[in-house]
Each structure stands twice: as structure tokens, then as C-alpha cells.
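One structure is given here, and the rest of the page talks about it.
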Amino acid sequence: MNGSSGDGRLVRLKFCPAFTRAEWQLPTDVPGARLLIGWRVEPPPVDAGVPPVVADVLVRGLCRQALLSYPSASASANSASGRRLRAGRDFDWKSTQDAREAIPEIFESPAFPWDLQGQVVVLSPPGTRLVLDERHLEVVARPELLATLQALGATGLLLPGVDGDVAALYTFDPGDMPTLIGVLYALAEEAGADCVSLTEPDFMTG
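Structure below.
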């Protein structure tokens, strides 16, 4: 994917550090640093969620710095019919630094829909192996689990915000955030987009 793909052109990537508003439906009372990420794509996407050109920038950027772990559904997950999903039965936590592999599973999984805030992406140092279970799928609603993830060796998270139309990046070490922002800036600019850091009121309109 690139900035001139048939799926839309990335015009702007926007950041809001240390966001606090409840309408994003994201944890805010958490350790470390947090960053709300939004975007503008032309033509505007018809469907909710992350446009492919934005998914490409986000995941390629994170894969350059971290190992990404996310739930990957088995056949039983797709026929669970509301049953509580279990690790090892309905899904496994897959870990990769291959953006091409990660993008469709993160943003297009029927069992873990991004636009319904059903997805969780855990960041950790390359070469690590995190022991994750089904509890960690609930981190959006149970922010106390962030401390648990940090204790397991995770360095951060990427989570979907309300309707999947924004994303939130968390780093347990605040010093990691500037590096990740720098990588995302560079990839957005490669795609021909501008990047801006905004206050929350301006983020909503910018």
C-alpha cells in the first residue's frame, strides 16, 4: 500500500498526546505515555475503521520498533456465537514484525473487529515471547490490565478507539513515545501526508 493507492490518499496524520476525554472510549488513567492518532484520507472512506493506507503507516511504523502480538482466530472463534473466547481453543496470540502479515489480521478479523474495539495489539522488544491469555482481550474495558502486561514484558499497546475511527498508542516507558512518533511522521510524509500535533478540541476538527 502507498499514499496513492486506490483505497485513498493519506492527507494528514494527526496526534493528540495525553488525551483525557471519555468519548474516545479509551483508557486514560494508565502508566507511561499515551497518544491519540487520527487521520484524514481523500476521498473520505465510506466504511468505519482504519483506511488501508493508514493501517499501512501504523503497522509498518510499529513493526520497525517492536514485536507485535495480537489475537489470531481459529475456525471455532468464527462460530462461537457469543461464547467467551478462550486462548488455545478459539484463538492464539500471534507475534510478528511482518507488517504484511499483521495488517489484515489486526484490521479485518471478524472475530476481533477493530471497529467494535475488539482488537488488542501488544508491543514488546523483538525476540521476546509474551505469555498472554484471554483476559488481555479486555484491556480497553479493564485498564488495570496494562500493569499486568507491563509486568509480563510488554512495552506498549495499540488500541482502537470509538467506532475504530481513531487509534491509541501507549508506551509504558514515556521515553519510547518520541521514537515511535518520529517513525510514524517519516512514513506519513513518505505517503505525501502532513503530520500535526493538536490539542483535543483541535484534534476533533483538524
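First residue of the sequence shown: 3, per my numbering; consecutive thereafter. No residue lacks a Cβ here, since even glycine has one placed at the ideal position from N, Cα and C. Predicted model only: the values in this text are computed from it and were never measured.
- Selection F114, L139, G184 evaluated against A75 yields F114 as nearest (Cα-Cα).
- Taking every protein chain shown into account, the CB of R131 has fewer than 16 other CB atoms within 10 angstroms, so this residue is exposed.
- Cβ neighbours of T22 within its own chain (closer than 6 Å, five residues either side excluded): T30.
- For E191, the uninterrupted alpha helix (DSSP H) segment begins and ends at 179 to 192.
- The beta-carbon distance between I105 and V61, rounded to whole angstroms, is 5 Å. This is short enough to meet the 8 Å contact definition.
- Across the set V32, F17, C18, the C-alpha of V32 shows the shortest separation from the C-alpha of A149.
- The way I'd put it, the region 31 to 47 doesn't touch the region 88 to 96; fewer than three beta-carbon pairs between them come closer than 8 Å.
- Runs of the beta strand (DSSP E) lying entirely within the region 56 to 137 and spanning at least 3 residues, in chain order: 69 to 75, 93 to 98, 123 to 126.
- Listed in chain order, the non-local C-beta contacts of T201 below 8 Å within the same chain comprise C18, local neighbours out to five positions each way being set aside.
- As a beta-bridge residue in DSSP terms, R42 pairs with R14.
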